[in-house]
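Trainee:
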Ligand SMILES: CC(C)(COP(=O)(O)OP(=O)(O)OC[C@H]1O[C@@H](n2cnc3c(N)ncnc32)[C@H](O)[C@@H]1OP(=O)(O)O)[C@@H](O)C(=O)NCCC(=O)NCCS
C-alpha cells in the first residue's frame, strides 16, 4: 500500500483521506504527500517508538501517546504504523493512543490511524490491525478483550468499535458478559458514524451503512444498515 491519504485531504483524497492513485498526477501527489508527512513528523518520538517496536512507527507532531512500559506495539517485519497524520482533520484534535499494562497493539503491513482517532487498549487486551487499513478522523476503538480488524478496511469518520461493556451489568439478576471479542474481516467499509458493539463479526468485503449500530454478525459481502443493523443487500462490491 502507498502512503495515500496520510495527509487526509478531501480535495484530492475524498472525505476518507484516500486519494486516487490514478492519473498522471499520481507521482506528484505521492511526492507532495511524502513532503507533508516529513514536515509533520515528530522526529525524536518516531525514532524512539520505532526502535522500541523494531519497525517504523511514524508519529505526527501533537499525537498523544500514553503507553505503559509493559504494553507493546508489535509490528511485523517491514510494517509501518502512521500515527496522527491527516491535515484535513475536521476536528483538529490529535490522535490519542492509550495502551494499559500488558496491552498489545499488533500491526501487520501499513496501517494509518489518522488525526483525531482514539485508541484505547486495556490491560492485557489485544488489538490487531491488518495491512492497508486506515481509521479516519474521530474513529474510536475501545479494546478490552481481543479485537481484530482485517486488511484494507476503510473505517470512516466518527465510528466506534467497542468490544466490552466496560461496566458490570446485570439484567434480571443475570450477569451479562463484560467482554466479547470483535472480528472485522478484510476489505470491510464501515460508514460514517457506525458503531460495532461487543461480540460482532463482520465478514470480508461487507459494508456497514452510515449511522448503523451493529449488534449481530454481518455476513461477507453484505450491506448492513440501520439501528439495529440489518442486512439490506447481498453481493456488494466497493472500492476506494
Ligand atoms: C448503506 C449504503 C452503502 C447503502 O447504499 P444504497 O444501496 O445506495 O442505499 P439506498 O439509498 O438505495 O437504500 C436502500 C435501503 O436501505 C436504507 N438505508 C440505506 N442506508 C442506510 C443507513 N445508513 N441506515 C439505515 N438505512 C439505510 C434505505 O432507507 C433504503 O431503504 P428502503 O428500501 O426501505 O427505502 C449507504 O446508504 C450508506 O450508508 N453509505 C455510507 C456512506 C459513508 O458513510 N461514507 C463514508 C464516507 S468516508
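Residue numbers (the numbering used here): 20 to 259.
No residue lacks a Cβ here, since even glycine has one placed at the ideal position from N, Cα and C.
Just tell me which of 162, 190, 225, 227 has its CA closest to the CA of residue 199.
Mentor: As a working note, residue 199 is residue 180 in the chain shown. Minimum Cα distance to residue 199 is reached at 162.
Trainee: Is it the case that the CB of residue 176 approaches a heavy atom of ligand 2 more closely than 7 Å?
Mentor: Of the ligands this structure carries, namely ligand 1, none is ligand 2.
Trainee: If you follow the beta strand (DSSP E) that residue 269 is part of, which residue opens it and which one closes it?
Mentor: Any question about residue 269 goes unanswered here, given that the chain covers just 20 to 259.
Trainee: Measure the C-alpha to C-alpha separation of residue 232 and residue 75 and round it to an integer number of angstroms.
Mentor: Numbered from its first residue, the chain shown carries residue 232 at position 213. Numbered from its first residue, the chain shown carries residue 75 at position 56. Distance between the alpha carbons of residue 232 and residue 75 is about 34 Å.
Trainee: Is residue 38 helix, strand or coil by DSSP?
Mentor: Taking the chain shown and counting its residues from 1, one reaches residue 38 at position 19. The pLDDT assigned to residue 38 is 37, lower than 50, so where the model puts this residue is not dependable, and the model offers no usable value.
Trainee: According to the neighbour-count rule (16 or more other Cβ atoms, all chains shown, within 10 Å of its Cβ), is residue 195 buried or exposed?
Mentor: Here residue 195 is taken as the residue at index 176 of the chain shown, counted from 1. Residue 195 is exposed by the Cβ-count criterion.
Trainee: At which residues does the alpha helix (DSSP H) containing residue 102 begin and terminate?
Mentor: As a first step, residue 102 must be located in the chain shown, where it is residue number 83. Unbroken run through residue 102 is the beta strand (DSSP E), 99-102; no alpha helix (DSSP H).
Trainee: Are there three or more Cβ pairs, one per stretch, closer than 8 Å when the stretch 132-139 is compared with the stretch 148-166?
Mentor: Yes, the stretch 132-139 is in contact with the stretch 148-166.
Trainee: My output table needs one value for residue 222: the three-state DSSP class, helix, strand or coil.
Mentor: Working through the chain shown from its first residue, we reach residue 222 at position 203. Looking at residue 222 - three-state DSSP - the assignment turns out to be coil, as it is neither helix nor strand.
Trainee: Report yes or no: do the stretch 53-67 and the stretch 76-88 share at least 3 C-beta pairs separated by less than 8 Å?
Mentor: Enough Cβ pairs lie closer than 8 Å, so yes.
Trainee: At a cut-off of 7 Å, is residue 6 close to ligand 1 when judged by its beta-carbon and the heavy atoms of the ligand?
Mentor: In this structure the chain extends from 20 to 259, so residue 6 is not present and cannot be described.
Trainee: Under three-state DSSP, which class holds residue 69?
Mentor: In the chain shown, residue 69 corresponds to position 50, counting from 1. Residue 69 falls in the helix class under three-state DSSP.
Trainee: Along the beta strand (DSSP E) that carries residue 77, what are the first and last residues, could you check?
Mentor: Position 58 of the chain shown, counted from the start, is the residue given in the question as residue 77. Residue 77 -> beta strand (DSSP E) spans 75-78.
Trainee: Could you check what DSSP says for residue 122 in three-state terms: helix, strand or coil?
Mentor: What you label residue 122 is simply residue 103 of the chain shown in a count that begins at 1. DSSP places residue 122 in coil when its eight states are reduced to three.
Trainee: Should residue 244 be listed as close to ligand 1, given that the test is whether its C-beta is under 7 Å from any heavy atom?
Mentor: Sequence index remark: in the chain shown, residue 244 carries index 225 (1-based). Yes, since a heavy atom of ligand 1 falls inside the 7 Å radius drawn around the Cβ of residue 244.
Trainee: Tell me the residue span of the beta strand (DSSP E) that contains residue 185.
Mentor: Looking up residue 185 in the chain shown gives position 166. Here residue 185 belongs to no beta strand (DSSP E), and DSSP marks it neither H nor E.
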